[in-house]
Every structure is written in structure tokens, then in C-alpha cells.
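**Student:** Residue numbers (our numbering): 2 to 191.
Here it is: the structure, laid out below.
Here it is, written out as C-alpha cells:
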């Protein structure tokens with residue numbers, strides 16, 4: 002499957018999953034849900050959705066995870082207090098979803114963060130989205146698909162740097178993007 006078709010299929014399936022597990026219905030009572038990352042930018046190369054939301058209490062998070070876990074496609078939930086200085090007080094929780102045929106399960110990464118951090122992230126995503134042209138989208142998707150690792154994903158945290166390489170630095174060639182990622186501490190799969 003070519004990278005553009007793959008991205009379209011992933012994005013479509015993401016919508017089906019979000020609807021099936023009642024994602025927005027379950028989270029809506031707790032405030033605004035902000036999609037981010039490759040799902041928001043429509044640059045998906047593997048089954049992963051990133052979401053940010055306002056701070057939730059432990060009780061609210063356990064309630065949310067319990068509701069999601071009732072769905073037969075959700076086969077794993079995780080909760081973590083990450084040691085991430087740029088996200089003070091943030092709480093990470095995740096759903097793993099057994100659906101589709103992408104050589105790995107779907108994952109929905111959720112971050113409960115201070116409202117100002119959610120808004121800053123949303124502004125940055127909107128800014129990046131405005132920089133995407135059809136040609137740059139194709140470069141990004143071809144690169145991401147070519148660099149999928151043995152786990153069926155791009156290296157952890159590399160998406161942001163791939164977007165910066167192509168959208169801000171104007172890099173177009175695989176080798177240039179690889180070098181940019183290496184300079185920024187991300188090791189692409191060769």
C-alpha cells in the first residue's frame with residue numbers, strides 16, 4: 002500500500018474506532034478533547050492517536066479507563082505519572098485496541114495536562130498544519146513509512162522532528178531528514 006493510501010486508511014479506521022469505543026461521549030463531560038500529532042495533522046503511518054485534555058482527577062481517570070475497558074476491542078489500559086519536565090503535573094494514560102491489520106495494535110495516547118499546556122500544543126499543531134502542502138505531506142508520509150521499525154512504528158518521539166525537518170527546514174531527501182533526526186537525538190531505522 003502506498004504511503005498516501007495507507008495514511009487515508011489509517012485516518013478512516015481511527016474515526017471508526019473512536020466512534021465505536023464512544024471516545025468523545027466518554028470524555029466529553031471532562032472538558033475539551035484536543036487531538037494532536039499525526040491524527041490531527043493527517044500524517045498517519047501507523048495506528049496511533051494522540052489526545053490532550055484538561056487535568057482529570059485519579060478517580061475520573063479510573064472511571065474513564067473503566068468505561069473504555071468495557072469495549073471488546075480495548076484489550077489494555079495503562080496509567081502513568083511521567084517524569085517529563087516540560088509537562089509538569091501531567092498524567093499519561095493509554096488504550097490499546099485490537100482492531101485492524103497493521104502489524105501492531107492501535108494505541109490511543111492521552112495526556113491530562115494544565116489548560117495552558119494543552120492550548121500551547123494546539124497552537125503549535127495548527128501552525129504546523131498550515132505549513133503542510135500536498136508535496137510536503139507526501140515527503141513526510143513516504144519518509145515515515147520507509148522508516149517504520151520492527152515494532153511497526155517510527156522511532157519514539159520522532160514524528161515531531163520529522164515534521165520540523167520537512168515543514169520548517171525544507172528538507173526533502175531521506176538522508177537529509179535522517180541527519181536532522183540524528184542531530185536532534187532521534188535514531189531513524191536504516
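Cβ atoms here follow ideal geometry from the backbone N, Cα and C, with glycine treated the same way.
With 16 other CB atoms within 10 Å as the buried threshold, where does residue 132 fall?
**Tutor:** It counts as exposed.
**Student:** Might you give, ordered along the chain, the residues of its own chain that have their beta carbon closer than 8 Å to the beta carbon of residue 85, omitting 5 neighbours on each side?
**Tutor:** Result list for residue 85: 91, in chain order.
**Student:** If I follow the unbroken alpha helix (DSSP H) through residue 159, where does it start and stop?
**Tutor:** That run of the alpha helix (DSSP H) goes 159 to 164.
**Student:** Is residue 149 closer than 8 Å to residue 46 when the C-beta atoms are compared?
**Tutor:** Yes; because the gap between Cβ atoms is below 8 Å, this pair is in contact.
**Student:** Which value, in whole angstroms, describes the spacing of the CA atoms of residue 157 and residue 187?
**Tutor:** Roughly 8 Å separates the two Cα atoms.
**Student:** Bridge partners of residue 98, per DSSP?
**Tutor:** DSSP, once it has assigned bridges, lists 75 and 107 as partnering residue 98.
**Student:** How would you write the range of the alpha helix (DSSP H) that residue 126 sits in, first residue to last?
**Tutor:** Residue 126 -> alpha helix (DSSP H) spans 116 to 132.
**Student:** Leaving out five residues before and five after residue 111 in sequence, what residues of the same chain have Cβ atoms less than 6 Å from its Cβ?
**Tutor:** Around residue 111: 52 and 94.
**Student:** Look at the alpha carbon of residue 27 and the alpha carbon of residue 185, and state the distance between them as a whole number of angstroms.
**Tutor:** Taking the straight line joining both Cα atoms gives about 37 Å.
**Student:** Taking 8 Å as the cut-off, does the segment 126 to 143 touch the segment 64 to 73 (at least 3 CB pairs, one atom from each stretch)?
**Tutor:** Because the criterion of three Cβ pairs below 8 Å is not met, the segment 64 to 73 and the segment 126 to 143 do not touch.
**Student:** Could you give the residue range of the alpha helix (DSSP H) that holds residue 22?
**Tutor:** From DSSP, residue 22 is part of no alpha helix (DSSP H); its letter is neither H nor E.
**Student:** Compare the C-alpha of residue 56 against each of 78, 35, 73 and 15 and name the closest.
**Tutor:** Of 78, 35, 73 and 15, the residue nearest in Cα terms is 35.
**Student:** DSSP has residue 50 in a bridge; who is on the other side?
**Tutor:** Bridge partners of residue 50: 109.
**Student:** Where does residue 81 sit, in a helix, a strand or coil, going by DSSP?
**Tutor:** In the structure shown, residue 81 sits in a strand (DSSP, three-state: E or B).
**Student:** For the structure I just gave you, are there three or more beta carbon pairs, one from the segment 114 to 124 and one from the segment 140 to 148, closer than 8 Å?
**Tutor:** No: fewer than three Cβ pairs fall under 8 Å.
**Student:** Identify whether residue 37 lies in helix, strand or coil by the three-state DSSP scheme.
**Tutor:** Three-state DSSP puts residue 37 in a strand.
**Student:** Which one of 11, 166 and 172 has the shortest CA to CA distance from residue 108?
**Tutor:** Considering only alpha carbons, the answer is 11.
**Student:** Measure how close the beta-carbons of residue 74 and residue 99 come, nearest whole angstrom, since I'm counting them as under 8 Å.
**Tutor:** Yes, they are in contact, since the Cβ atoms of residue 74 and residue 99 sit about 6 Å apart, within 8 Å.
**Student:** Taking residue 40 as the reference, give the member of 7, 62 and 189 with the closest Cα.
**Tutor:** Of the listed residues, the one whose Cα sits closest to residue 40 is 7.
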